[in-house]
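What follows is a single structure, written as structure tokens, with notes after it.
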Amino acid sequence: MGHLLKKNTIGWFFILISVLAIGLFYFYPMIQALLLSFQSGMGANLQYVGLDNYVRLWNDPSFMAALGNTCIYLIVQVPIMIMLALVFSVLLNDTTLKFKGLFRTAIFLPCVTSLVAYSVIFKYLFGVDGLVNYFLVKLGWMTEAINWLADPLWAKVIIILAITWRWTGYNMIFYLSALQNVDRTIYEAARIDGASNLQQFFHITVPMLKPIILFTSITSTIGTLQIFDEVMNITNGGPGNATLSISQYIYFLSFKYTPDFGYAATVSYVIVVLIVVLSIIQFRVAGDRND
Amino acid sequence: MIKIKRIFTYVFLSIASLISIFPFLWMLVSMTNSSVDVTKGRLLPGTHFIENLKELFATVDLIPAFVNSTIIAFVTTFLTLLIASLAGYGFEMHRSRGKDFVFNLLLLSLMIPFAAIMIPLYRFFGNITSVFPAIGIDTLSAAILPTVTTAFFIFFFRQNTKMFPKELIEAGRIDGLSELGIFFRIYVPTMKTTYAAAAIIAFMNSWNNYLWPLVILQSPEKKTIPLLISNLGAGYAPDYGVIMTAIVIATLPTAIVFFFMQKHFVAGMMGSVKG
């Protein structure tokens, strides 16, 4: 009994720093943010204002733009990326394919770059005097350069392209590793039964990888909802508020405009709610198909 | 028919690979070209590298930023590994219902978006600045502290600890080692590859971190590499050759880590999902 008690106490000792640090740097600030979201004022001069900040959300065009943009990034980018990563992994899982290692490394390479570094590169690739314009004009596909980043629609497209470039290979690696554990005889049996490649993909590969697809969907959703580095460095939220993301708006509210920490905290809780709701939905959808 | 499909696969993968690599090639080539050549779409190496390098060192304080990033990345990696492996070990080796509950609670923190806790954290460090100036706003410590404990790495170490042979611990107890002695003398050396995988990911995350350093580090001499790169691009008449040189230098450490430890890096990612 004494030994058991001692072992248990030592177990708690091992996890003590983590519990304290996560409490101090995650949960305590979360509660602080909730309290802050009911306060308003300039800088350190804050007063409780009840639900005013939450009412303000509905009449704030910048917030609505940020929310809309972030949702567009999410809805367009995450499915494209997951699909693309699945296709790459299925193609690269073919044992008879040559140069597999080369293709895999190449497609995976973007995720070693820092978000800021690649954002700056994308900014110049799609600048008015950037490389993309230069070649499109030179090849005669366009008569004159497009100011991609000054166009509300194209600017969003570039942001989506950028995130997809950075993260597809990252997700691919998860699928590739999971596919290596799938028994190949299942595919042989399916082929003998006359299943096409497409049927094999949707009826064998996708169901087999479901747990990993759920994992990557949730991490990608959480990541995209928090997107900051790219919009800050490629478009700075512009033109107008056409690419502004929620995280960037929080940053602007706190450190660029007249600081209103209370309202910024209110906006931040929108991301919290979105993450929780979307994660529950994703779990539900994956769970239903399980039965 | 099968042949056409095969050719299509190769073409598709080649195009995808080219798109993936192209920005890297472009930045490497542009590093050696003048700004004008970069905008003229020159895709061949030039002779401007030394000039770009000189210009870069003349316009920005690259060395201090590099030093700051290096200090932050190394300290963060060391503390992350220490704290997370202690916890992963504690959760897996000394299991109890209470700890399982705490573990699940810690995992919940993975859902907390950084943007939501950024302002309270900033205010927290602001409040302690007058009492503990060494860890207050605009210090490297403040840039490091909130980033060293993440549930991801605790989860990662716990997952990998499941494979650890428990007899080794019993052997250590019989030899009279203390619990901490067992951890440092037996567990740590045995788990080398797990530590390597976690170290790479922690180092890359820290080296590339942007938002928190942007918020907490304010004076120019405290800037990190991502903050410096971000500022370089903000000018009206950017010198593309110089910026590309800076980006290559900024990317070099993580690229080197990646190339020499590719296997561990991938193992680290997978370690986070295996059951």
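Residue numbers (the numbering used here), protein chains in the order written: chain A, 1 to 291; chain B, 292 to 566. Just so you know, even glycine gets a beta-carbon here, dropped at the ideal spot from N, CA and C. Please read these numbers as outputs of a predicted model, since none were measured by experiment.
- Each of M172/A, W165/A, Y28/A was checked against the Cα of V90/A, and the nearest Cα belongs to M172/A.
- At least 8 Å separates the beta-carbon of T243/A from that of A178/A.
- Contact check between the stretch 416-424 of chain B and the stretch 51-63 of chain A: fewer than three CB pairs, one atom from each, fall below 8 Å, which does not count as touching.
- Annotation: N324/B is outside any alpha helix (DSSP H) and is labelled neither H nor E by DSSP.
- Contact annotation: the stretch 12-26 of chain A touches the stretch 397-405 of chain B, with at least three C-beta pairs closer than 8 Å.
- In this chain, the alpha helix (DSSP H) harbouring S432/B covers 431-435.
- When rounded, the separation of the alpha-carbon atoms in G337/B and L344/B is 13 Å.
- Scanning S311/B, I312/B, F313/B, E342/B for the CA closest to the CA of M322/B turns up E342/B.
- Look at the stretch 381-417 of chain B and you find these whole runs of alpha helix (DSSP H), each 4 residues long or longer: 388-399.
- The alpha-carbon separation between L353/B and V539/B amounts to approximately 12 Å.
- Taking C-beta separations shorter than 8 Å and ignoring five residues to either side along the sequence, the partners of S563/B in its chain run F443, F446, F447, Q450, following chain order.
- In terms of beta-carbon proximity, K554/B stays away from the interface with chain A, with every pair separated by 8 Å or more.
- Contacts between N147/A and chain B, judged by CB atoms closer than 9 Å, are missing: the closest CB pair is about 14 Å apart.
- Nearest C-alpha to T9/A among E470/B, L518/B, T542/B: E470/B.
- Here L523/B has I534, A537 as same chain residues with Cβ atoms under 6 Å from its own Cβ, once five neighbours each way along the sequence are excluded.
- G169/A sits buried, since 16 or more C-beta atoms from the chains shown fall within 10 Å of its C-beta.
- Buried is the label assigned to Y118/A, since at least 16 other Cβ atoms lie within 10 Å of its Cβ.
- V276/A counts as exposed, since fewer than 16 other C-beta atoms from the protein chains shown sit within 10 angstroms of its C-beta.
- Straight through space, the alpha carbons of F348/B and E461/B are spaced by roughly 57 Å.
- Contact annotation: T438/B and S497/B have beta-carbon atoms nearer than 8 Å.
- Going by beta carbons, N359/B and K554/B fall outside the 8 Å limit.
- Here the stretch 61-79 of chain A lies against the stretch 230-247 of chain A, with 3 or more beta-carbon pairs under 8 Å apart.
- Within its own chain, the residues whose Cβ lies closer than 7 Å to the Cβ of L436/B, once the five positions on either side in sequence are excluded, are I426, listed in chain order.
- The three-state reading of DSSP puts Q509/B in coil, since its state is none of H, G, I, E or B.
- Per DSSP, the continuous alpha helix (DSSP H) segment holding P29/A begins and ends at 28-36.
- For the C-beta of T542/B, the chain A residues within less than 8 Å are, from N- to C-terminus, V112, T113, S114, A117.
- Distances from the alpha-carbon of F415/B to those of Q32/A, A265/A, G237/A put Q32/A closest.
- I163/A is positioned such that its CB atom lies closer than 8 Å to that of Q77/A.
- A contact between stretches requires three or more CB pairs, one per stretch, nearer than 8 Å, and the stretch 82-99 of chain A fails this requirement with the stretch 472-492 of chain B.
- Under the three-state reduction of DSSP, S421/B is assigned to coil, being neither helix nor strand.
- Inter-segment contact for the stretch 254-261 of chain A and the stretch 42-51 of chain A is present: three or more beta-carbon pairs are separated by less than 8 Å.
- The contact set of G381/B on chain A, defined by CB atoms closer than 7 Å, consists of G11, F14, I15 in chain order.
- Excluding five sequence positions before and after Y531/B, the CB atoms of its chain that fall closer than 7 Å to its own CB belong to S321, S326, V329, T330, given in chain order.
- For I275/A, the nearest CB of chain B lies under 8 Å from its own CB, placing it at the interface with that chain.
- In the three-state reduction of the DSSP assignment, Y48/A falls in the strand class.
- Among the residues of the stretch 212-242 of chain A, those with a Cβ less than 8 Å away from any Cβ of chain B are I212, F215, I222, L225, Q226, F228, D229, M232, N233, in the order of the chain.
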